[in-house]
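Undergrad: Provided herewith is a single structure, encoded as structure tokens, for subsequent inquiry.
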Amino acid sequence: MDKFDVASSQKYDVYASRLLPKEEYFTSGHRSCQGCGEALAVRWVCKAIGKNAVIAHATGCMEIVSSGFPQTAWVQPWIHVAFENTAAVASGLEAGYKILARKGKLAGHPPKVVAMGGDGGTSDIGLQALSGAMERGHDFTYICWDNEAYMNTGIQRSSSTPYGAMTTTSPPGKRSIGQPTWKKNMVAIAVAHGIPYVATACPSYLFDLYFKVKRAVETPGPAYIHILSVCPTGWRSATDLTVRLGRLAVETGVFPLYEVVDGRYRLTIEIPKLRPVKDYLRLQGRFRHLREPEIEFIQRQVLAHYDLLLKKCAAPYPEFPPLSHAEEGA
Amino acid sequence: MAKRVGIEVSLAVSHAVQLARAEAIAAYPITPQTHIVEHLSSLVANAELEAEFINVESEHSAISACIGTSAAGARTYTATSSQGLALMHEILFIASAMRFPIVMTVANRALSGPLSIWNDHSDIMGARDIGWIQVFVQNGQEAFDHTIMAFKIAEHRRVLLPMIVNLDGFILSHVVEALEFTDQDTVDRFLPPYHPWHQLDPKKPVTMGAFGMPEIFAEFKMKHQVTLMNSYDQIMKVWQEWGQLTGRDYHPVEHYKTEGAKILLLTMGCLSEVAEIAVDELRDAGVPVGLLKLRLWRPFPFAALREAVNGAELLIVCDRALSVGGPGGPVLSEVRSVLYPLSPQPKVLGYIIGLGGRDVPPEDFKEIVAQAQAEAELGPRQEFYMYGVRG
Ligand SMILES: Cc1ncc(C[n+]2csc(CCOP(=O)(O)OP(=O)(O)O)c2C)c(N)n1
Ligand code: SF4
């Protein structure tokens, strides 16, 4: 059996949880807000990447809550350099371990290189460095914590902020409905680089997330995982609703969970009948100002996007010719 | 065995990097640095240098990747110029504060606008306060020597700071010179393999780049300041050792015909060689002029400079960069402030020359000396002088 078979692992949820690592690699005592979905995601991602890993992290909430000198919440070796260059730092790490291994200066297996950043550090300011690193084919995994705004600087909009959402730089007003553009499709951008593994995930679906991360770090070449991370502070949602909101994002089709392996799309969590997006929107203060027509517009868009995704999943051909970096490097 | 060769200076720098056995190079092309990294990439491609060459998509990523390779524990090199150095700016501070011994060549070039690919020092003067060790060289031999020495200085346990070797773009980077290549054995004896002092290793996990609250920030800065100032001794040691191996001695402030000089010119980079010619001719004409060449820019050689001006009546500082709206060029304002406690002290006049690749022949230095003498007598009447500017 494929050890990464997410679908079957879901069937054994009750047993599978005992197989997950008990070690904590992102320790308690960090300073994230109550109910932070990013912190939850980080904790499980760190478990999935395991001990022999090195993390490069972008500036943003997760860096700030976890690394106030002289304390640290990171058990794996970890480096923060700046906001926009995480993928470039990871490129250097990967190349560094590669040459040390070639020169016999490294005992044991080279560590897995993992880069992490928020949606701003990924889809806006860090996109160039990320694109460069994916194009060069470094063997690393990039993980985006998508809380759908610049939260660390006080909830400003990013290109990953969903249509209509209120942020401090996309406030609703006489001439504004809030964020005026549709969320940037970062996953499609990653796929367009022809990298071997791309996926979406959400800590509300723990096993799905866990196995995707494991698969990503074990895939030779670049891998990208986009993780929806509920932010009660920025979303103006109750702190005990974080896991539920993540579920609702998936159940409404707002944030489908899928993976793209060597260019082939596959839904990993199938939702037989999508719930109305209203169920998701109405629990969040950031959408409070939206009126019926705008919500209907969002509903139509979500369904259209979902439909396109289903078509991609059913497509007989992969998105790009099947030459993975793994084969190239072999 | 040393070998004498005629070679373009850029290629000599690449060869020095090869002899230093750099293990990781990340670079992005920019004129006039290109020949250095092109040659290095071909050395790596031909397995003449056992290294990883990362073809990054920008200078910002070049220096970021260098931090990565250095954090992994690899000996790291990069090169850039002008806009490229400016694009790196944010990360340059981080590289030094995190104590990564990266070596970088800056082929000095003017910054836009207007766009200019030619030489001056405005790129590096914008990066004056980044906390790196910085030297200037005046010819190909020095470029070669200082590139090798930079690794040894940067990687020393009591230093662990990145280092920039500044060489003038085109005027120096693209000329063919006769210079002496030191052989691999000698370099290997001089420069042992790199053993990182701190490294990202899952067997000994550490957190690098934690953020500093106000309670701790100034302490970090103080440590950085003390470390950079203390690197001076190590720099002197490494230069002496190289001098013993090769017969080529280097000093933080170099003297040329300064004995008995009442007037001193002060230059950096390859202008110094041109100024030597002017000094020769002026001396022949009976003018008591000498030349100081500032080699070590960071840490600033306070004592050496104060000692060097002893006895002079007029010091003419030649800057190849303009601090717009400020008190002249960056070198002038630093030199003035360094000499301020001296008594007696020479009159200090600043001349800005050679911006954006403007040629500076020896006659210009002769003219500057004449003008400065007259100005010094009159006052001087200006904060500084832009030499030879039309209109
Ligand atoms: C070059 C640069 N510009 C701006 C900032 C300020 N800044 C720090 S974190 C941040 C937002 C981070 O947002 P995101 O990446 O979405 O992560 P989050 O905090 O939401 O987890 C910004 C704008 C910076 N550190 N560097
Ligand atoms: S602002 Fe949001 S993402 Fe940041 S720590 Fe708080 S809950 Fe988490």
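Each protein sequence line maps, in turn, to chains A and B. Counting in the working numbering, the first sequence runs from 33 upward without gaps. Counting in the working numbering, the second sequence runs from 1041 upward without gaps. Every residue, glycine too, gets a C-beta built ideally from N, C-alpha and C.
1. Determine the direct distance from the alpha carbon of isoleucine 1408/B to that of valine 1429/B, and round the result to whole angstroms.
2. For the beta strand (DSSP E) holding isoleucine 1173/B, just list the boundary residues, first then last.
3. Using a beta-carbon distance cut-off of less than 8 Å, what residues from the stretch 1164 to 1176 of chain B approach chain A?
4. Looking at the strands, I want to know which residues DSSP matches up with glutamine 1413/B.
5. Just reading off the beta strand (DSSP E) that tryptophan 110/A is part of, what are its end residues?
6. Distance cutoff 8 Å, beta carbons only. Does serine 1054/B sit that close to anything in chain A?
7. Is it true that the stretch 253 to 260 of chain A meets the stretch 194 to 207 of chain A, where meeting means three or more beta-carbon pairs spaced less than 8 Å apart?
8. Examine chain A for any beta-carbon lying closer than 8 Å to the beta-carbon of glutamate 1439/B, and answer yes or no.
9. Whose C-alpha, out of Asn1270/B, Ile1393/B, Met1262/B and Gly1366/B, is nearest the C-alpha of leucine 1306/B?
10. Curious, which full-length alpha helix (DSSP H) runs of at least 4 residues does the stretch 1289 to 1374 of chain B contain?
11. Among residues of its own chain, excluding the 5 on either side of valine 121/A, which ones have a beta-carbon nearer than 6 Å to its beta-carbon?
12. Just to make sure I have the definition right: I need the residues of chain A whose C-beta is within less than 9 Å of the C-beta of valine 1327/B. Which are they?
13. Quick one: does the C-beta of alanine 71/A sit closer than 7 Å to a heavy atom of ligand 2?
14. Please list, in chain order, all residues of the same chain as serine 3/A whose beta carbon is under 7 Å from its beta carbon, the five residues on each side excluded.
15. Checking contacts by CB at 8 Å: is tyrosine 174/A closer than that to chain B?
16. Who are serine 208/A's beta bridge partners in DSSP?
17. Report yes or no: is there a C-beta of chain B within less than 8 Å of the C-beta of lysine 135/A?
18. Anything in chain A within Cβ reach of glutamate 1090/B, meaning under 9 Å, just list it in chain order.
19. Looking at ligand 1, does it come within less than 7 Å of glutamate 116/A, judged from the CB to the closest heavy atom?
20. For methionine 1269/B, collect the residues of the same chain with a Cβ closer than 6 Å to its Cβ; drop the 5 residues on either side in sequence, then sort them by chain order.
21. If you count every other CB in all the chains shown that lies within 10 Å of the CB of glutamate 1347/B, and 16 or more means buried, which is it?
22. Do you know offhand how far arginine 1360/B's Cα is from tyrosine 1290/B's?
23. Tell me, please, whether the stretch 284 to 302 of chain A touches the stretch 228 to 247 of chain A by the rule of three or more beta-carbon pairs shorter than 8 Å.
24. Given this structure, state the Cα-to-Cα distance separating phenylalanine 36/A from valine 219/A, to the nearest angstrom.
25. Can you say whether glycine 361/A is buried or exposed, counting buried as having 16 or more other CB atoms within 10 angstroms of its CB?
26. Exposed or buried, what is serine 1377/B when buried is set at 16 or more other beta-carbons lying within 10 Å of its beta-carbon?
27. Looking only at its own chain, which residues have a Cβ that is under 6 Å from the Cβ of leucine 1354/B, when we skip the five neighbours before and after it?
28. Does any heavy atom of ligand 2 sit closer than 7 Å to the C-beta of proline 264/A?
29. Using only CA atoms, which one of Cys1358/B, Ile1131/B and Arg1115/B lies nearest to histidine 1100/B?
30. Under 8 Å between C-beta atoms, does valine 1057/B make it to chain A?
31. On a Cα-Cα basis, can you pick out the residue from Ala1111/B, Gln1411/B, Tyr1234/B and Gly1431/B that is closest to glutamate 1195/B?
32. Among Tyr1425/B, Arg1421/B and Val1364/B, whose alpha-carbon lies nearest the alpha-carbon of tyrosine 1391/B?
33. Less than 8 Å between CB atoms is the rule here; does leucine 1240/B satisfy it with respect to chain A?
34. Work out the CA separation of phenylalanine 1184/B and threonine 1052/B for me, nearest whole Å.
35. Would you say glycine 1166/B and leucine 1151/B are within 8 Å of each other, going by their C-beta atoms?
36. Taking the alpha helix (DSSP H) that leucine 299/A falls in, what are its first and last residues?
TA: For this structure:
1. Along the second sequence, read from residue 1 onward, the residue named residue 1429/B stands at position 389. Along the second sequence, read from residue 1 onward, the residue named residue 1408/B stands at position 368. Cα-Cα distance, rounded: 13 Å.
2. Start at 1 with the first residue of the second sequence, and residue 1173/B comes out as number 133. First-last of the beta strand (DSSP E) with isoleucine 1173/B: 1173 to 1176.
3. none
4. Mapped onto the second sequence, residue 1413/B falls at position 373. DSSP, once it has assigned bridges, lists no residue as partnering glutamine 1413/B.
5. Translated into positions along the first sequence, residue 110/A becomes position 78. That run of the beta strand (DSSP E) goes 110 to 112.
6. Here residue 1054/B corresponds to residue number 14 of the second sequence, with the count starting at 1. For serine 1054/B, the answer is no, since every Cβ of chain A falls outside 8 Å of its Cβ.
7. no
8. Residue 1439/B falls outside the range modelled here, since chain B spans only 1041 to 1431, and no answer is possible.
9. As a working note, residue 1306/B is residue 266 in the second sequence. Per the Cα distances, Ile1393/B.
10. 1311 to 1324 and 1342 to 1348
11. Along the first sequence, read from residue 1 onward, the residue named residue 121/A stands at position 89. Contacts found: Ala88 and Val113.
12. For this step, residue 1327/B is matched to residue 287 along the second sequence. None at all; the shortest Cβ gap to chain A is about 52 Å.
13. Within the first sequence, the letter at position 39 stands for residue 71/A. At least one heavy atom of ligand 2 is nearer than 7 Å to the Cβ of alanine 71/A, so yes.
14. Residue 3/A falls outside the range modelled here, since chain A spans only 33 to 362, and no answer is possible.
15. Counting from one through the first sequence, the residue named residue 174/A turns up at place 142. It does not: the Cβ of tyrosine 174/A has no partner Cβ on chain B nearer than 8 Å.
16. Taking the first sequence and counting its residues from 1, one reaches residue 208/A at position 176. Beta-bridge pairing links serine 208/A to Gly205/A.
17. Within the first sequence, numbered from 1, the residue matching residue 135/A stands at position 103. It does; some Cβ of chain B falls within 8 Å.
18. Against the second sequence, residue 1090/B aligns to sequence position 50. Those within 9 Å of glutamate 1090/B in chain A are Ile131, Arg134 and Lys135.
19. Mapped onto the first sequence, residue 116/A falls at position 84. Correct: glutamate 116/A has its Cβ closer than 7 Å to ligand 1.
20. Mapped onto the second sequence, residue 1269/B falls at position 229. For methionine 1269/B, where only same-chain residues beyond five positions count, the Cβ hits under 6 Å are Pro1339.
21. Your numbering for residue 1347/B matches position 307 in the second sequence. Under this definition glutamate 1347/B is an exposed residue.
22. For this step, residue 1360/B is matched to residue 320 along the second sequence. For this step, residue 1290/B is matched to residue 250 along the second sequence. In a straight line, the C-alpha of arginine 1360/B is about 22 Å away from that of tyrosine 1290/B.
23. yes
24. Translated into the one-based positions of the first sequence, residue 36/A becomes position 4. Translated into the one-based positions of the first sequence, residue 219/A becomes position 187. Note on phenylalanine 36/A: pLDDT 49, under 50, position unreliable in the model; the coordinate value appears next. About 20 Å.
25. Within the first sequence, the letter at position 329 stands for residue 361/A. No answer about glycine 361/A holds up, because its pLDDT of 47 lies below 50 and its placement is not dependable.
26. In the second sequence, the residue the question calls residue 1377/B occupies position 337. Counting Cβ neighbours within 10 Å, serine 1377/B comes out exposed, since fewer than 16 surround it.
27. What you label residue 1354/B is simply residue 314 of the second sequence in a count that begins at 1. Only Ile1303, Pro1386, Lys1387 and Ala1416 meet the Cβ criterion.
28. Stepping through the first sequence from its first residue, residue 264/A is reached at position 232. Yes, Cβ of proline 264/A sits closer than 7 Å to a heavy atom of ligand 2.
29. As a position in the second sequence, residue 1100/B is number 60, starting the count at 1. Comparing Cα positions, the closest option is Ile1131/B.
30. Reading the second sequence from its first residue, position 17 is the one you call residue 1057/B. No, valine 1057/B lies away from the interface with chain A (no Cβ there is under 8 Å from its Cβ).
31. In the second sequence, the residue the question calls residue 1195/B occupies position 155. Glutamate 1195/B has its Cα closest to that of Tyr1234/B, out of Ala1111/B, Gln1411/B, Tyr1234/B and Gly1431/B.
32. Mapped onto the second sequence, residue 1391/B falls at position 351. It is Tyr1425/B.
33. Within the second sequence, numbered from 1, the residue matching residue 1240/B stands at position 200. So yes, leucine 1240/B belongs to the interface.
34. Residue numbering aside, residue 1052/B sits at position 12 when the second sequence is read from its first letter. Residue numbering aside, residue 1184/B sits at position 144 when the second sequence is read from its first letter. For the sequence presented, residue 1052/B should be read as alanine rather than threonine. Looking at the two C-alpha atoms, the distance is approximately 6 Å.
35. Working through the second sequence from its first residue, we reach residue 1166/B at position 126. Working through the second sequence from its first residue, we reach residue 1151/B at position 111. Taking 8 Å as the Cβ cut-off, glycine 1166/B and leucine 1151/B qualify as a contacting pair.
36. Position 267 of the first sequence holds residue 299/A. Premise fails: leucine 299/A lies in the beta strand (DSSP E), 296 to 299, not in any alpha helix (DSSP H).
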